[in-house]
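Residues 0 to 244 (numbering that gives the first Met the number 0) are what the sequence shown spells out, left to right. All C-beta atoms in this analysis are idealised placements derived from N, C-alpha and C, irrespective of residue type, glycine included.
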Amino acid sequence: MNRDQISRIAHTHHPIAAPLEDNSVRVLLEYALPRPESRVLDLGCGGGEWLLRALAARPGLLAEGVDTCELALAHAEQAARQRGVHDRLVLHHRSAAGFPASHAYDLVLCVGATHAFGGLVATLAAAREHLAPGGRFLIGDGYWAADPSPEAAEMLGDLADLPSTLDRVAAGGWTPVHGHLSTRQELDVYEWSWTGSLASWALDHPDDPDSGQALAAADTHRTQWLRGYRDCFGFVCLVLRPTSD
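If you want it as structure tokens, here you go:
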């Protein structure tokens, strides 16, 4: 069982691969999509849930998603057909970094996928290349809500505290026009769902050769969360506009 398969199972009951409740997702999309007819690009779309919800809410919207995970893209394609929006969705199986878009977009998204570009600063620069005049960028990334332990810092990488994160955004030439800080409940619900979905799959498939690996992965992740980063990790989503074109 590879990392993509583990992630797909772990997100069974939390298709938004980020610590956000459904209403938080809805409000963020409302701020990010002021016009009913828009072109949207999701860089690191995973299973495509952000795009699927945007397409369902906006009949005039056209969407594209980019991801390296073939399994996630297959899920997005199937879900789009089930929801009747597949004719307005194009999926690209390739790296989000260096994606050669043929046109500009009214909204670019990258939520929980800044690692595809090497971090927040590089993601901010990449998004600008795809944005149409007057467009917006919806980004979601982690930050330190408290001083991290050395183990947490090693685990989660080069994060900053919230004010410093906003400083990086401003230095990149962006101005926030809306934002959302994931609540403790949203953060905990996400982690319980991730570990619980994976553990449940393992327990429901005891004869599967991957069952033991899945259960171990759930246990490891739960320990890392509870003992490593639960008390210091935060997640912020920002709707950004270029400070100057």
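Cross-strand partners of residue i (DSSP beta bridge)
| i | result |
| --- | --- |
| residue 63 | 40, 89 |
| residue 249 | The structure shown has nothing for residue 249, since the chain only spans 0 to 244. |
| residue 235 | 140, 180 |
Segment limits, beta strand (DSSP E) that includes residue i
| i | result |
| --- | --- |
| residue 174 | 173 to 180 |
| residue 228 | Element bounds for residue 228: n/a, residue is neither H nor E. |
| residue 105 | 104 to 110 |
Terminal residues of the alpha helix (DSSP H) in which residue i lies
| i | result |
| --- | --- |
| residue 131 | Run containing residue 131: none in the alpha helix (DSSP H); it sits in the beta strand (DSSP E), 130 to 143. |
| residue 122 | 119 to 127 |
| residue 5 | 2 to 9 |
| residue 72 | 69 to 81 |
| residue 151 | 149 to 155 |
| residue 56 | 48 to 56 |
Exposed unless 16 or more other CB atoms sit within 10 angstroms - verdict on residue i
| i | result |
| --- | --- |
| residue 156 | exposed |
| residue 92 | exposed |
| residue 245 | In the structure as shown, the chain begins at 0 and stops at 244. Residue 245 is therefore absent and cannot be evaluated. |
| residue 135 | buried |
| residue 174 | exposed |
Residues of its chain near residue i, where Cβ-Cβ distance is below 6 Å and the 5 sequence neighbours each way are ignored
| i | result |
| --- | --- |
| residue 192 | 12, 13 |
| residue 176 | 238, 240 |
| residue 190 | 224 |
| residue 42 | 65, 95, 109 |
Own chain partners of residue i with C-beta closer than 8 Å, once the 5 adjacent residues on each side are dropped
| i | result |
| --- | --- |
| residue 70 | 3, 4, 7 |
Sequence-distant residues of the same chain with beta carbon closer than 7 Å to residue i, five excluded per side
| i | result |
| --- | --- |
| residue 158 | 141, 142, 143 |
| residue 200 | 8, 213 |
| residue 167 | 119, 120, 159 |
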